[in-house]
Structure formats: C-alpha cells, structure tokens
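There are 2 protein chains.
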Amino acid sequence: MSEITEIPPRSGAAFRLAKGQVLQVIDPEGMQVSDLLAYAADDVREVISNGRTFDYEETISLTTGNVLWSNRSNPMLTIIEDSVGRHDFLLTPCSEATFRHFYKDKPVHRGCFGNLAEALAPYGVEPDAIPTAFNVFMNVPVDGASGKLEVLPPTTSPGDFLRLRAECDLVIGLTACSAYDSNGGSFRPIHYRIEG
Amino acid sequence: MSEITEIPPRSGAAFRLAKGQVLQVIDPEGMQVSDLLAYAADDVREVISNGRTFDYEETISLTTGNVLWSNRSNPMLTIIEDSVGRHDFLLTPCSEATFRHFYKDKPVHRGCFGNLAEALAPYGVEPDAIPTAFNVFMNVPVDGASGKLEVLPPTTSPGDFLRLRAECDLVIGLTACSAYDSNGGSFRPIHYRIEG
Numbered sequence: 003m004s005e006i007t008e009i010p011p012r013s014g015a016a017f018r019l020a021k022g023q024v025l026q027v028i029d030p031e032g033m034q035v036s037d038l039l040a041y042a043a044d045d046v047r048e049v050i051s052n053g054r055t056f057d058y059e060e061t062i063s064l065t066t067g068n069v070l071w072s073n074r075s076n077p078m079l080t081i082i083e084d085s086v087g088r089h090d091f092l093l094t095p096c097s098e099a100t101f102r103h104f105y106k107d108k109p110v111h112r113g114c115f116g117n118l119a120e121a122l123a124p125y126g127v128e129p130d131a132i133p134t135a136f137n138v139f140m141n142v143p144v145d146g147a148s149g150k151l152e153v154l155p156p157t158t159s160p161g162d163f164l165r166l167r168a169e170c171d172l173v174i175g176l177t178a179c180s181a182y183d184s185n186g187g188s189f190r191p192i193h194y195r196i197e198g
Numbered sequence: 003m004s005e006i007t008e009i010p011p012r013s014g015a016a017f018r019l020a021k022g023q024v025l026q027v028i029d030p031e032g033m034q035v036s037d038l039l040a041y042a043a044d045d046v047r048e049v050i051s052n053g054r055t056f057d058y059e060e061t062i063s064l065t066t067g068n069v070l071w072s073n074r075s076n077p078m079l080t081i082i083e084d085s086v087g088r089h090d091f092l093l094t095p096c097s098e099a100t101f102r103h104f105y106k107d108k109p110v111h112r113g114c115f116g117n118l119a120e121a122l123a124p125y126g127v128e129p130d131a132i133p134t135a136f137n138v139f140m141n142v143p144v145d146g147a148s149g150k151l152e153v154l155p156p157t158t159s160p161g162d163f164l165r166l167r168a169e170c171d172l173v174i175g176l177t178a179c180s181a182y183d184s185n186g187g188s189f190r191p192i193h194y195r196i197e198g
C-alpha cells in the first residue's frame, strides 16, 4: 500500500498523476472538503470542465462510474470508488473575495483559491486559469424547482474516501478546504494516496 | 430605439459592450437558444464564471436581479429584464466533439464553440479560454434528488427577450445555437440590440 500524504488544514498541494494511476482522497476525521483540479500535464491549458462533465454525464451528481471531462472533451479522471456519494462541481474555490462576501465578521483568508494558485504556479498554471473545482465531499443540495442551492456540512465519517483513475498524464491540485460553511467551521486535514 | 442585428442560424458574433450599456437578446421566432460569453475588455483573462455566479447568487436559476460574476469575483452583467425566466449556466457550448458524442448519425458541425472561437479570436480569446457559457433561453431542468439533467426545447415564444446591463467594459460572444436538442431541431436566428 502506498504511503499517505497529509494536506494540513487550510492548505493545498499539487503533484503529478500519471495515466493509469489512482488518486485516493481521504477525509481522515470526517466533515472536510477537498477542492480538486486536474490539468493535462503536457499542456495545462487543458483542464477539467464542469460544463463538459455535466453535458456528457447528464447529471450534476457525480459518483462511481462517472468521468470528469476536460474543456477539450477528453476524459481526465474516472471515479472508480466512492464511499460517500455526495460531491460538488458547481462552486468555485473559496478565495479572499468569497471570504469578504460571505464572512464579513471573520478574518480574510486566501482560501482554496490562493492555496491552489500557489501550489500550481510551478506547473505554469496562472490564477485566472483556475476554473470551478471538483469539490470532493462537498455537500451542496440543489432544489430542482427553484434552482436554489445550499452549502451544508459534508456527510462524511472519518476514513471516507474517493478513488479516481487518471485517464491521461495529469497535474493535480488538491486542498483541505478553508471556508467555514463547507466544513461546518471545522478546519481539518485531508489525506491522499497515489496507487500504482 | 437602437437597431436590431441578426445572428443567422448556426452562427455567432462578437462585439464590445461598454459599461452601462444594455444588451437585449431576442428570440425572434421562438424556441431558440443563444450562448452568451462575456470577457473584460481590458484583459480577456477575466471571464464570466458559472461557479462564482452560483456561489454568490446562491442559485443555478438566474433571472431578473441576478448578476453574472467573473472568475475574479467582479460583477460583469446584471439581468435587468427577463420575459422568459428559464436559462442555463450548467452546460458548455456545443462543439465538434459534442456533435460526435450526441448525434452520431448526423453531420458534424463546429457548433457554438467553433462559432464563438472564430468570432472571439480578433479580441485575443483562445479556444481553450471559452468556459461554460450563459445559455440564454436554454431549458435544462435538474432533478434535485438525483442530480440528473435534461436538455429540453426552450419555452420561449416569438419576441421573448432578456436584457442585461454591462457592469464593466466587455467583449461579448453570442450565438444562434447549432445543436439539435437545445432548440428542438429547429435552427433559427437570434436578434440582439445594444441600448445606450
């Protein structure tokens, strides 16, 4: 079994994931969110796209068997195992601006956006090239009739996980989320492991 | 009253919209979709973002009073009048790849994606910088419980329209949609008018 890497609370990481390798994202203590981005390693202008994914998968609820597609309509990651079944692909990573907007009485934090921007910079990814992330474990119910959405705490228990297989050589960005609402105000670590 | 410009069936256009001007998008015959993109005129790396918009507006159903936000968390367009109340911000523009995916027995078309890429190229927008569009009049109901979505014909009648006010100087991309499902297989023109 490959070793586990910890992403400390309110921080982020970036790393390569080769085609065929499996990324396991683990919520070690429960109730934490991890924003995930994937770029094509050979040209980071190719990136996961929520719009292409919703179109091809014909759902906004993504779980085992679903594929995360790129802006160029290529498969990037396939979800091969999911102990939770509740993730979000609607919302962008929290940022200084979202802290100012939603948490006026709390200290501003650079958020997952700032953490991803710093971690991905060595791979040539500019901040403006950070799209809507695939928010692992994030619990965002949508009312189909009104369209209204809510951000609720994750339904995860300690040890819950998601496993995704790389369909091409990727650069991955991954965080332990920094926003209050997405994790119920608890700022916990995220664990990940690369298999294969 | 300013003059009307026609976007012919299965084509696209790009033009500047100054801060404070109002763009009226009209469905002259009914049952047609128009993919809309907006970029900051002084730096096209800033672009409308469905994720930021869903986050700040707290809904996926956008109508009068809602703002379309940029990837830098700035307001780009405010919807000031809407005779329809049903638009989509989940799905990416149809493209050669989506035609191959969804319409295997039909001729491949470059779609709204190709039309937008050509129209926006003179403004320095690369194809990879085309995100999920705001799909005016597009009818994409989502089942809140399952997450499943459908693409149904628009509910528009001839003359239905949407009016959006520019909150900064913009470059707009706009199409008359090329895909079969989004407009019930009728390929009709779109009209637009710039006020102010």
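Residue numbers (this note's numbering), protein chains in the order written: chain D, 3 to 198; chain X, 3 to 198.
Even for Gly, the Cβ is constructed at its ideal location relative to N, Cα and C.
Predicted, not measured: the structure shown is a model, and the values here were computed from it.
Three-state secondary structure (DSSP) of residue i
{"i": "Glu169(X)", "result": "coil"}
{"i": "His103(X)", "result": "helix"}
{"i": "Gly113(D)", "result": "helix"}
{"i": "Ser72(X)", "result": "strand"}
{"i": "Asp130(X)", "result": "helix"}
{"i": "Leu39(D)", "result": "strand"}
{"i": "Leu118(X)", "result": "helix"}
{"i": "Tyr182(X)", "result": "coil"}
{"i": "Glu197(X)", "result": "strand"}
{"i": "Glu5(X)", "result": "coil"}
First and last residue of the uninterrupted beta strand (DSSP E) at residue i
{"i": "Arg47(X)", "result": "45 to 49"}
{"i": "Gly14(X)", "result": "14 to 19"}
{"i": "Gln26(D)", "result": "24 to 29"}
{"i": "Leu79(X)", "result": "77 to 84"}
{"i": "Tyr125(D)", "result": "Unbroken run through Tyr125(D): none, as it is neither H nor E."}
{"i": "Val138(X)", "result": "136 to 138"}
CB contact flag (residue i, residue j, <8 Å)
{"i": "Met140(X)", "j": "Ser184(X)", "result": "yes"}
{"i": "Ser63(X)", "j": "Ser148(D)", "result": "yes"}
{"i": "Leu198(X)", "j": "Gln23(X)", "result": "Going by the sequence as given, residue 198(X) is Gly instead of Leu. Yes, the Cβ-Cβ distance between Gly198(X) and Gln23(X) is below 8 Å."}
{"i": "Asp171(X)", "j": "Ala15(X)", "result": "no"}
{"i": "Phe91(D)", "j": "Asn52(D)", "result": "yes"}
{"i": "Val142(D)", "j": "Leu164(D)", "result": "no"}
{"i": "Arg167(X)", "j": "Ile6(X)", "result": "no"}
{"i": "Phe56(X)", "j": "His89(X)", "result": "no"}
{"i": "Thr94(X)", "j": "Thr61(X)", "result": "no"}
{"i": "Leu38(D)", "j": "Ile174(D)", "result": "yes"}
{"i": "Ile192(X)", "j": "Asp84(X)", "result": "no"}
{"i": "Ala245(D)", "j": "Ser4(D)", "result": "Only positions 3 to 198 of chain D appear in this structure, which leaves residue 245(D) out of reach."}
{"i": "Asp145(X)", "j": "Gly67(D)", "result": "no"}
{"i": "Ile81(D)", "j": "Thr65(D)", "result": "yes"}
{"i": "Ile132(D)", "j": "Ala123(D)", "result": "no"}
{"i": "Met33(D)", "j": "Gly186(D)", "result": "yes"}
{"i": "Ser75(X)", "j": "Arg47(X)", "result": "no"}
{"i": "Pro160(X)", "j": "Glu31(X)", "result": "yes"}
{"i": "Ser188(D)", "j": "Cys114(D)", "result": "no"}
{"i": "Ile9(D)", "j": "Leu151(D)", "result": "no"}
{"i": "Tyr125(D)", "j": "Tyr41(D)", "result": "yes"}
{"i": "Arg190(X)", "j": "His111(X)", "result": "no"}
{"i": "Tyr182(D)", "j": "Lys106(D)", "result": "no"}
{"i": "Val49(D)", "j": "Thr158(D)", "result": "no"}
{"i": "Glu169(D)", "j": "Lys21(D)", "result": "yes"}
Residue i: first and last residue of the uninterrupted alpha helix (DSSP H) it sits in
{"i": "Arg54(D)", "result": "52 to 59"}
Legend entry - chain D contacts from the stretch 82 to 108 of chain X (Cβ-Cβ distance under 9 Å): Phe91, Leu92, Leu93, Thr94, Pro95, Cys96, Ser97, Glu98, Ala99, Thr100, Arg102, His103, Phe104
Legend entry - Interfacial residues, the stretch 51 to 64 of chain X to chain D, with Cβ spacing under 7 Å: Ser51, Asn52, Gly53, Arg54, Phe56, Asp57, Tyr58, Glu60, Thr61, Ile62, Ser63
Inset, instruction - Give, in chain order, every residue of the stretch 135 to 152 of chain X whose Cβ lies closer than 9 Å to some Cβ of chain D. - result: Ala135, Val142, Pro143, Val144, Asp145, Gly146, Ala147, Ser148, Gly149, Lys150, Leu151, Glu152
Inset, instruction - Anything in the stretch 35 to 47 of chain X with a Cβ closer than 9 Å to a Cβ of chain D? List those residues in chain order, please. - result: Asp45, Arg47
Legend entry - Selection of the stretch 108 to 126 of chain X by Cβ proximity to chain D, strictly under 7 Å: none
Inset, instruction - Quick one: which residues of the stretch 63 to 77 of chain D get their C-beta closer than 7 Å to a C-beta of chain X? List them in chain order. - result: Ser63, Asn73, Ser75
Legend entry - Interface positions of the stretch 10 to 37 of chain D facing chain X (Cβ-Cβ less than 8 Å), listed along the chain: none
Legend entry - Residues of the stretch 148 to 179 of chain X whose Cβ lies closer than 9 Å to any Cβ of chain D, in chain order: Ser148, Gly149, Lys150, Leu151, Glu152, Val153
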